[in-house]
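Colleague:
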Amino acid sequence: MMSKKLACLALVAPLGLLPVAADASFYTGNELYKVCSADRGSKEYVERTYECIAYITGAIDAFNTTRKVNKLNSCIPADVTISQLRTVTVDYLEDHPKGRGASASELVFAATRNEWPCSKKKK
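In the numbering used here, the protein residues as written are 283 to 405.
Have a look at this one:
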């Protein structure tokens, strides 16, 4: 099992060296939805579930880092679970099928803003 993982890593790792346009997205919403909607019990379910969760949590970490750098608090509650993040994202993708061609990270952002909008402070 471990040798298969290492072989896959050896094949995929060089792809990280290929140039990508600055505005290119690695995933579309369609791709993320496919990964996050794997049928429970299917042979790819575990791998796709991990891929889904890793993508969503990575996107959320990036959003929160950007907010912190800009001296803003995260809009997502501190006690939110990874399962909740996944559910909110998948529900959003299901509810917006026409928009799934957009960047997956943009859609994760939209899903979290839809569920947990940032409050506007009054001056």
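C-beta atoms are modelled at their ideal positions from N, C-alpha and C, and glycine is treated no differently.
Which word fits SER319, buried or exposed, when buried means at least 16 other C-beta atoms lie within 10 angstroms of its C-beta?
Modeller: Burial call: exposed.
Colleague: Secondary structure at SER401, three-state DSSP: helix, strand or coil?
Modeller: It is coil, neither helix nor strand.
Colleague: Distance check for ALA384 and ASP305, CA to CA, integer angstroms please.
Modeller: Residue confidence for ASP305 is low, a pLDDT of 49 falling below 50, so the modelled location carries little weight and cannot support an answer.
Colleague: Taking DSSP's pairing of strands, which residues face SER385 in a bridge?
Modeller: According to DSSP, SER385 bridges with THR310.
Colleague: So for ARG330, helix, strand or coil by DSSP?
Modeller: If DSSP states are grouped into helix, strand and coil, ARG330 belongs with the helices.
Colleague: Where does ASP361 fall in DSSP's three states?
Modeller: Coil.
Colleague: Check each candidate in ARG382, ILE364, ALA386 and name the one with the smallest Cα separation from TYR332.
Modeller: The residue with the shortest Cα to Cα distance from TYR332 is ILE364.
Colleague: Look at the alpha carbon of LEU367 and the alpha carbon of VAL351, and state the distance between them as a whole number of angstroms.
Modeller: One C-alpha to the other measures close to 22 Å.
Colleague: Just how far apart, CA to CA, sit SER387 and VAL317?
Modeller: C-alpha separation (whole angstroms): 14 Å.
Colleague: Helix, strand or coil for ARG395? Go by DSSP, reduced to three states.
Modeller: Helix.
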